[in-house]
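Q: Provided herewith is a single structure, encoded as structure tokens, for subsequent inquiry.
2 protein chains.
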Amino acid sequence: MTETLLSSATREVVIGFDQPFVIIGERINPTGRKKLAEEMAAGKFETVVADAIAQVEAGAQMLDVNAGIPLADEPAILATAIELVQSVTDVPLCIDSSIVAALESGLAVYQGKALVNSVTGEEDRLESVLPLVAKHGAAVVAITNDESGISEDPDERFEIARRIVSRAADHGIRKDDIVVDPLVMPIGAIGSAGRQVFRIVRRLREELGVNTTCGASNVSFGLPNRTALNAAFLPMAIASGLTSAITSPLHVEMLQAVKAADVMMGNDSHCASWIARNGDSPAGEATSGRRGGREGRRRAAAS
Amino acid sequence: MTETLLSSATREVVIGFDQPFVIIGERINPTGRKKLAEEMAAGKFETVVADAIAQVEAGAQMLDVNAGIPLADEPAILATAIELVQSVTDVPLCIDSSIVAALESGLAVYQGKALVNSVTGEEDRLESVLPLVAKHGAAVVAITNDESGISEDPDERFEIARRIVSRAADHGIRKDDIVVDPLVMPIGAIGSAGRQVFRIVRRLREELGVNTTCGASNVSFGLPNRTALNAAFLPMAIASGLTSAITSPLHVEMLQAVKAADVMMGNDSHCASWIARNGDSPAGEATSGRRGGREGRRRAAAS
């Protein structure tokens, strides 16, 4: 059974095949958020702190922290953001940067076992990120692209994942500490983007035995009613084997879809969390006029 | 490519692996609807007609018609109901009865190619229903229970499906004309019910190459907020390979989840239906502050 254990100073979270799905809050990321980028570059972290608290309150079990601001001192800003977020929440963090020095400074101040986001199949990334992950005893997100870019063939992306797992083993990193990102492309541009993800996620789980994550909301980029699309995509990916996602927990429909998917996967024991969230009276009874319906009747007929 | 073609006098519907998901409206069924049962037994069909029109308007591509009322003349009532429904809508019908004489009288009046609901793996059902299906050139729902009841082992249910497909072939019924119902049990009672369905549906598609249907809303029986559970279950089953469901199209959230799942499966060409339903302005843009997000950034970095 594959389990990726992450921790803060005081709290543990497990990503796993038989665990409730883990939502990693995506909001603390200045990419495309001009005001947040300006604040962080100026050493102001009020929005970071507010986003951290709001996402945890909404149900995020982990938070992604990214400080990718062009021309800014990313290593210093990321370290400060991580220290601040750890001072106001107790969830484990995902330290997110494409700059190795920033990952290093983030890991240096982090309390607990972090998820490093990310390594790719590119040779220079493998050689720079994996030793850092091993040194800190961290876990790592493995993104399935390499020097040749992002393949539209899910089986090629799977092979990159296999290579990263193998290279990580050379550094003493167990496959339980690798969370593979199959790369979710916008379905408005690539009609097969959904099926690609479902296929690679299933192979990652069944053949490679690794946990998975993805930037879920990317799938609906450019389309109307993105929340409804994301709220369908995540349960579909979960049924295919996805065990976590970097996404926003602030959308009620999507969070509800993930919690319902936990029930459907049998990962909400006795449906206890669902019943606690939704009350124990069968308020949705009206969804079927046939109590017990088809199967009740068949069973009665068979007995 | 497996395609189940159904028709009314004037309209065709295809259930298939690369087709939009087919919703078969479940409402015309007196089981658990006391008032409807009394009306139908008394020869009153106003509710049947109203339910037919409402379900088609809401988006049902087919309608299930059931007249299972204890002590009533089911063959006569079912035939009348079918004639009436065919006079007010043009969608193909699913003729639903556990009484062979009722299936026979329904088929006798039906215009087009119907879906007969159902045959099981029980010897007497196989011997009575399959010849009827063959005689009328109909398609048939194959339910995966037999004399020993409903197995909790999805692989045993799969074997029953395989047996029905084989027996149908002896009667000249092609596997394209068999739509297998994997039997959805209430997840509040059986925690593995979801995973059972996902597994058997995948095997039915990959190994047996048949279309599938199910009484979807049964999965949430007895739990609160059933609509949200059903709205997560259907996309998950669709990702696993489910191609149709007998359910109610009257719940907006569920219908929307199915339409979103069509997009995710690549079965809504150029997302045209989704955009037509939801407007072409990206109203849901706010679901992500990161336009293009993670992959946009990675791609930019890689180029």
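For the record, the sequence lines run as chains F and S.
Numbering follows the numbering used here, in which position 113 of the first sequence is assigned residue number 115; successive positions increment by one, without gaps.
Numbering follows the numbering used here, in which position 293 of the second sequence is assigned residue number 295; successive positions increment by one, without gaps.
For every residue, glycine included, the Cβ atom is placed at its ideal position computed from N, Cα and C.
Compare the C-beta of D282(S) with all C-beta atoms of chain F and state if any pair is closer than 8 Å.
A: yes
Q: Name, going along the chain, the residues of the segment 208 to 234 of chain S whose beta-carbon falls closer than 8 Å to a beta-carbon of chain F.
A: G217, S219, N220, V221, S222, F223, G224, L225, P226, N227, R228, T229, A230, L231, N232, A233, A234
Q: Tell me the DSSP secondary structure of C216(F) in three-state form.
A: In this structure, C216(F) counts as coil in the three-state DSSP scheme.
Q: R301(S) CB to nearest chain F CB: under 8 Å?
A: Annotation note: pLDDT 38 at R301(S) (below 50); position unreliable, no value reported.
Q: Can you pull out the residues from the segment 56 to 81 of chain F whose beta carbon lies closer than 7 Å to at least one beta carbon of chain S?
A: Contact annotation: in the segment 56 to 81 of chain F, no residue has its CB less than 7 Å from a CB in chain S.
Q: Compare the Cα-Cα distances from E14(F) to each of R176(F), E255(F), A116(F), V167(F) and report the closest residue.
A: A116(F)
Q: What is the DSSP secondary structure of S9(F), counted as helix, strand or coil?
A: strand
Q: The segment 120 to 132 of chain S: which residues have C-beta closer than 7 Å to a C-beta of chain F, in chain order?
A: Listed by position along the chain: nothing, the set is empty.
Q: Do you know offhand how far R300(S)'s Cα is from L65(F)'s?
A: Low confidence applies here, because R300(S) scores a pLDDT of 42, under 50, leaving its location unreliable and the question unanswered by this model.
Q: Check whether the Cβ atoms of R159(F) and P184(F) sit closer than 8 Å, and answer yes or no.
A: yes
Q: If we ignore side chains and look at the alpha-carbon of each, how far apart do L206(S) and D20(F) end up?
A: 24 Å
Q: Whole angstroms is fine: what's the gap from A163(S)'s alpha carbon to V265(S)'s?
A: Taking C-alpha positions only, A163(S) is separated from V265(S) by approximately 29 Å.
Q: From the beta carbon of V265(F), is the nearest beta carbon of chain S less than 8 Å away?
A: By this cut-off, V265(F) is an interface position.
Q: Would you say the segment 4 to 14 of chain S touches the segment 84 to 95 of chain S, given that touching needs at least three Cβ pairs under 8 Å?
A: Segment contact: the segment 4 to 14 of chain S against the segment 84 to 95 of chain S, three or more CB-CB distances shorter than 8 Å; contact assigned.
Q: If you draw a straight line from the alpha carbon of V51(S) to that of V87(S), how long is it in whole angstroms?
A: If you take the alpha carbons of V51(S) and V87(S), they lie about 6 Å apart.
Q: If I measure Cβ to Cβ from A230(S) and keep anything under 8 Å in the same chain, skipping five residues before and after, which residues do I get?
A: E255
Q: Which class does L95(S) belong to by DSSP, given the choice of helix, strand or coil?
A: Assigned with DSSP and collapsed to three states, L95(S) falls in strand.
Q: Identify which residue in N119(S), F47(S), R197(S), V212(S) has its Cα closest to the Cα of L236(S).
A: Residue R197(S) is the option with its Cα nearest to L236(S).
Q: If you scan the segment 48 to 136 of chain F from start to end, which runs of the beta strand (DSSP E) of 3 or more residues do you find wholly inside it?
A: List check, beta strand (DSSP E) in window: 64 to 68, 95 to 98, 117 to 121.
Q: With a cut-off of 8 Å, does the C-beta of Q21(F) fall near any C-beta of chain S?
A: For Q21(F), the closest Cβ of chain S is not nearer than 8 Å.
Q: Any C-beta of chain F sitting closer than 8 Å to the C-beta of M238(S)?
A: A Cβ of chain F is located within less than 8 Å of the beta carbon of M238(S).
Q: Roughly how many angstroms separate the alpha carbons of S100(S) and H272(F), rounded to a whole number?
A: If you take the alpha carbons of S100(S) and H272(F), they lie about 33 Å apart.
Q: Using three-state DSSP, classify T249(S) as helix, strand or coil.
A: Note: T249(S) maps to strand in three-state DSSP.
Q: Residues of chain S with a CB under 7 Å from the CB of F200(F): which are they?
A: A241
Q: Is the segment 206 to 224 of chain S in contact with the segment 241 to 252 of chain S, if contact means three or more CB pairs nearer than 8 Å?
A: yes
Q: With 7 Å as the C-beta to C-beta threshold (strictly closer), list the residues of the segment 88 to 109 of chain F near chain S in chain order.
A: Against chain S - using a Cβ distance shorter than 7 Å - the residues of the segment 88 to 109 of chain F are S100.
Q: Counting contacts by CB-CB distance shorter than 8 Å, is I277(F) in contact with chain B?
A: Any reference to chain B falls outside this structure, whose protein chains are F and S.
Q: Quick one: is A52(F) near chain S, going by C-beta distance under 8 Å?
A: no
Q: Enumerate in chain order the residues of its own chain whose CB-to-CB distance from N220(F) is below 8 Å, with the five nearest sequence positions on each side excluded.
A: Listed in chain order, the non-local C-beta contacts of N220(F) below 8 Å within the same chain comprise V186, M187, P188, local neighbours out to five positions each way being set aside.
Q: Note down, in chain order, each residue of its chain lying with its Cβ closer than 8 Å to the Cβ of A103(S), except the 5 sequence neighbours on either side.
A: E76, P77
Q: Express the C-alpha separation of E59(S) and K46(F) in angstroms, rounding to a whole number.
A: 54 Å
Q: G27(S) bridges to which residues according to DSSP?
A: L65(S), T249(S)
Q: Using a C-beta to C-beta distance shorter than 8 Å, which residues of chain S count as neighbours of I189(F)?
A: Those are V265, M266, G268, C273, listed as they occur along chain S.
Q: If the criterion is Cβ atoms closer than 8 Å, does the pair V118(S) and L128(S) meet it?
A: The Cβ atoms of V118(S) and L128(S) lie no closer than 8 Å to each other.
Q: Would you identify the three-state DSSP class for G18(F), choosing helix, strand or coil?
A: strand
Q: What distance in whole Å lies between the Cβ atoms of V131(S) and V181(S), which are believed to be in contact at a cut-off of 8 Å?
A: About 13 Å; that fails the 8 Å criterion.
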